[in-house]
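Student:
Numbering (full-length UniProt numbering), first residue to last: 1 to 111.
Shown next, in the form of structure tokens:
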């Protein structure tokens with residue numbers, strides 16, 4: 001996935017230790033590229049084979065964008081199981097570099 005001059009490629013990675021075999025982890029965020037917090041437009045992640053209970057998704061994002069993001073889990077049949085707290089959304093401003101954001105499910109760094 002190569003970015004255009006107006007995009008960066010961001011890989012969102014999450015360790016979700018409480019996810020079960022019937023769960024799927026989804027990425028949601030404030031920008032259209034992240035589904036605008038609409039579960040129907042969330043981005044499904046793929047489980048990382050070499051890491052236990054780690055999921056990731058790679059997304060093209062606009063250069064110089066500020067956004068928030070979080071995670072939810074849904075069952076394999078598409079029912080919402082758990083949504084991270086709205087009060088603890090992660091925030092990020094990206095400029096011109098692609099990269100990977102590592103997080104822990106439910107850990108927003110806020111007390």
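Ideal Cβ placement from N, Cα and C applies to all residues, glycine included. Model, not experiment: these values are computed from the prediction.
In three-state DSSP terms, what is residue 41?
Tutor: helix
Student: Residue 10 lies in the beta strand (DSSP E); which residues open and close that run?
Tutor: Where residue 10 is concerned, the enclosing beta strand (DSSP E) stretches over 7-15.
Student: If you reduce the DSSP assignment to three classes, tell me which class residue 35 lands in.
Tutor: In the three-state scheme derived from DSSP, where H, G and I count as helix and E and B as strand, residue 35 is classed as helix.
Student: Looking at the structure shown, is residue 73 part of a helix, part of a strand, or coil, going by DSSP?
Tutor: It is a strand residue.
Student: Which residues mark the beginning and the end of the beta strand (DSSP E) in which residue 187 is found?
Tutor: Given that the chain is displayed from residue 1 to residue 111, the structure contains no residue 187 and the question cannot be resolved.
Student: Taking the straight line between their C-alpha atoms, what separation do you get for residue 33 and residue 64?
Tutor: 14 Å
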